[in-house]
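Protein chains in written order, with my numbering: chain A, 8 to 369; chain B, 8 to 369.
Put into structure tokens, the structure is as follows:
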């Protein structure tokens, strides 16, 4: 447990709690639809690649973790998908009569709203539920205690903002911006380096926790190998950044406040992820691909809905730095510029912007 | 997992959350001191009765559960005591170099304040922490997944108020009272029957969850075999009951409201517990005794402190039924009658009123 310190050091940016107007619970349809899209792929990975028989040869329990589970209906829908696929595989691969017991660990930062999560656990669920607070960049579980790990729309959150971005003397000082897509190569490299460090910690921790033969399925915002970071949909976050700069020009926000703020998230390419998995050496890559969840979405993809989604996810990060008043005003302004926003939205979402990968512990 | 329904049916009465004036966190010194008293006994049970070597022969993890953990500093102090004793035993019994990893499951009702619990997890703790929401009268964990179970000041809470108490046509209708110590034999018997039912469910669930050789240590309010229930310290709760009846007489509370309210708690005798353990048949009784935690208490045992403690524990149950205004007024009145209360307190606490037992899974 030597990396417990690392756990204590990481920062947390929980989604908006509760179930009010701006809550993640009420504003996470897109994430749900994208996990429905992932369902087919999870089914396939479990059906074709997982040897359940050997996993439950010693015990009658399958332990599953959802890393970065957040809170809201999506959490349970995604887990239900995983469990159904596992159950189906057990029945087809096992002796037919023996479906194991499932223990599901819902993990997120200690500041996640676990009270709401626990209160909304589905009645009649066919699994034992537990909540595990803490950063997934450190150890969360005992050695060889997990059989299946799932993580959706979570691993793009960095453990912290790369330090160089805040250093006025660094080439990577991110003056007047809050993200990297429209920034210099130095800024983008600092983000990439932080992701590399975090992903190494993530893979090291999971390598210890997952049993041999166990599987990990990850879905996260990503960038196709052949696209330059400056073409990424982070343009939308830059839209928030420029709104904040408008407020700087009007004297409502201090410029230094914007300079010292950066979104701690990164969208890696399949190539970057593959390299880190290979360096770690404990996992085989069973699948690695970009996908476009929008192609299967049924919900209206309009500016208002998107802003509400973005707000549910991002408000916590912004509020910690700017305070709730400024953040409220910022989102008000963005709502008023929805035509402009709508145009950007169309542009940036015409791409495969999610990376999906399946790893198996050797 | 057939008894999942039972889990859904049980009611919950969490301690006061947060860390304010009336919170359990700020008002649970007595419980802490009583668990310090229990520490010696836990040490002894683990040192003399637990065969750790065989428990960790298959895996390098010891799984521990605190059932009815509540929230507050006591939760972690008690767990630290258990872990130190386990670690000591590992070092003395194992090969010296191999201390297993510990996974600790903190269990309580889903309505317990897990957010506060998770936010206050000790830094630098040497265990992996998880929260498990749900009633311990049903299954909470997979088969044979726990090595050590601890429960302090929790198992006296019944899963619900015995139904007969609310039935006007029953001999056990508890008119004008809110507890059993000053009530008729019929009322006391209804409480005892509910405890029997609940304890059977508790033991059945634990029998499945605890591995062979695993241990369960329980500390709870109890009644010596040789004392009649009417002499029990529940007199203090009757004091609240009579205060409510004063308010009925003044027209502030409807009589029917008091008639339909009963504290869902029971203090069993060692004899009752032993009989149920023997009927269950899966556990050996390693220890069963009454104890008097007050004999080792250092905190002032005055009426004010006691009322605050009682309020932190009981307010939730009362508020659910009477609403917060009436409950506030009730406790105000009790505070004003502290001299009278003080006298009762002295009388009722001159007895061994905690039962402590250690069971081992055969």
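Cβ coordinates follow ideal geometry from the N, Cα and C atoms, glycine included.
Checking the sheet assignment: what are the DSSP bridge partners for residue 368 of chain B? Paired residue(s): B:290.
Cβ distance (whole Å) where residue 158 of chain B is taken to contact residue 258 of chain B below 8 Å: With a Cβ gap of about 42 Å, residue 158 of chain B and residue 258 of chain B do not count as contacting.
Do the segment 149-164 of chain A and the segment 172-188 of chain A meet, that is, are 3 or more Cβ pairs less than 8 Å apart? No contact exists between the segment 149-164 of chain A and the segment 172-188 of chain A.
Taking Cβ-Cβ distances shorter than 7 Å, what residues in chain A pair up with residue 68 of chain B? Within 7 Å Cβ-Cβ: 149, 150 and 152.
Listing by chain order, which chain A residues have their CB less than 9 Å from the CB of residue 126 of chain B? Within chain A, the residues placing a beta-carbon under 9 Å from that of residue 126 of chain B are 117, 118 and 140, ordered along the chain.
Does residue 146 of chain B come within less than 9 Å of chain A when only Cβ atoms are used? Chain A, which has a Cβ nearer than 9 Å to the Cβ of residue 146 of chain B, makes this yes.
Quick one: residues in its chain with C-beta nearer than 8 Å to the C-beta of residue 58 of chain B, no 5 flanking neighbours on either side, listed in chain order? 100 and 220.
Burial state of residue 229 of chain A, where buried means 16 or more other Cβ atoms lie within 10 Å: With 16 or more Cβ atoms within 10 Å of its Cβ, residue 229 of chain A is classed as buried.
Would residue 196 of chain A pass as an interface residue toward chain B - the criterion being a Cβ-Cβ separation below 9 Å? The beta carbon of residue 196 of chain A does not come within 9 Å of any beta carbon belonging to chain B, so the residue lies off that interface.
Tell me, to the nearest whole angstrom, how far the beta carbon of residue 125 of chain A is from that of residue 69 of chain A; I am working on the premise that it is less than 8 Å. Actually they do not touch by this definition, with Cβ atoms about 21 Å apart.
Endpoints, alpha helix (DSSP H) assigned at residue 311 of chain B: Segment 310-329, the alpha helix (DSSP H) holding residue 311 of chain B.
Span of the beta strand (DSSP E), counted from its first residue to its last, around residue 224 of chain A: From DSSP, the beta strand (DSSP E) with residue 224 of chain A extends over 217-228.
On a Cα-Cα basis, can you pick out the residue from B:128, B:116, B:133 and B:137 that is closest to residue 143 of chain B? The shortest C-alpha separation from residue 143 of chain B is found at B:116.
Contacts around residue 341 of chain B, its chain only, beta-carbon distance under 8 Å, and the 5 residues preceding and following it disregarded: 246, 247, 250, 314 and 348, listed in sequence order.
7 Å Cβ cut-off: residues of chain B touching residue 121 of chain A: The contacting residues are 121, 122, 125 and 138.
Same chain, Cβ closer than 6 Å to residue 139 of chain A, five either side skipped, listed in chain order: So the qualifying residues of the chain are 112, 114 and 147.
Quick one: measure Cβ to Cβ for residue 276 of chain B and residue 232 of chain B, integer angstroms, because I've assumed they're closer than 8 Å. 5 Å between Cβ atoms; contact.
Which word fits residue 368 of chain B, buried or exposed, when buried means at least 16 other C-beta atoms lie within 10 angstroms of its C-beta? It is buried - the Cβ of residue 368 of chain B has at least 16 other Cβ atoms within 10 Å.
Contact between the segment 171-178 of chain A and the segment 91-99 of chain A (3+ Cβ pairs under 8 Å): In short, these stretches do not touch, since the Cβ pair count stays below three.
Same chain, Cβ closer than 6 Å to residue 179 of chain B, five either side skipped, listed in chain order: Once the five neighbours on either side are set aside, the close Cβ partners of residue 179 of chain B are 171, 172, 193, 194 and 197.
Quickly, what does DSSP pair residue 158 of chain A with across the bridge? List them, please. In DSSP, residue 158 of chain A forms a bridge with A:225.
For chain B, find out if any of its Cβ atoms is closer than 9 Å to the Cβ of residue 110 of chain A; answer yes or no. By the rule that beta-carbons nearer than 9 Å mark a contact, residue 110 of chain A touches chain B.
Unbroken stretches of the beta strand (DSSP E), 3 residues or longer, contained in the segment 246-301 of chain B: Counting only unbroken stretches of 3 or more residues, the beta strand (DSSP E) elements lying wholly within the segment 246-301 of chain B are 290-298, in sequence order.
So, with DSSP's three-state summary, where would you put residue 70 of chain B? Strand at residue 70 of chain B.
Residue 16 of chain A (DSSP reduced to helix, strand or coil): Confidence at residue 16 of chain A is low in this model, with a pLDDT of 39, below 50, so the placement of that residue should be treated as unreliable; the coordinate-derived value is given next. Three-state DSSP puts residue 16 of chain A in a helix.
Secondary structure at residue 24 of chain A, three-state DSSP: helix, strand or coil? Residue state, collapsed to three classes: coil.
Determine the burial state of residue 363 of chain B: buried for a count of at least 16 other Cβ atoms within 10 Å of its Cβ, exposed for fewer. Residue 363 of chain B should be labelled buried.
Rounded to the nearest angstrom, how far is the Cβ of residue 72 of chain A from that of residue 365 of chain A, given a contact under 8 Å? With a contact defined as Cβ atoms closer than 8 Å, residue 72 of chain A and residue 365 of chain A miss out at about 15 Å.
Please report the straight-line C-alpha distance between residue 312 of chain B and residue 253 of chain A, rounded to a whole angstrom. The alpha-carbon separation between residue 312 of chain B and residue 253 of chain A amounts to approximately 56 Å.
Using the rule of at least 16 other Cβ atoms within 10 Å of the residue's Cβ for burial, across every protein chain shown, is residue 27 of chain A buried or exposed? It is exposed - the Cβ of residue 27 of chain A has fewer than 16 other Cβ atoms within 10 Å.
What separation, rounded to the nearest whole angstrom, lies between the Cα atoms of residue 32 of chain A and residue 328 of chain A? Whole-angstrom Cα-Cα distance: 23 Å.
Hey, quick one: how far does the alpha helix (DSSP H) through residue 106 of chain B stretch, first residue to last? Annotation: residue 106 of chain B is outside any alpha helix (DSSP H) and is labelled neither H nor E by DSSP.
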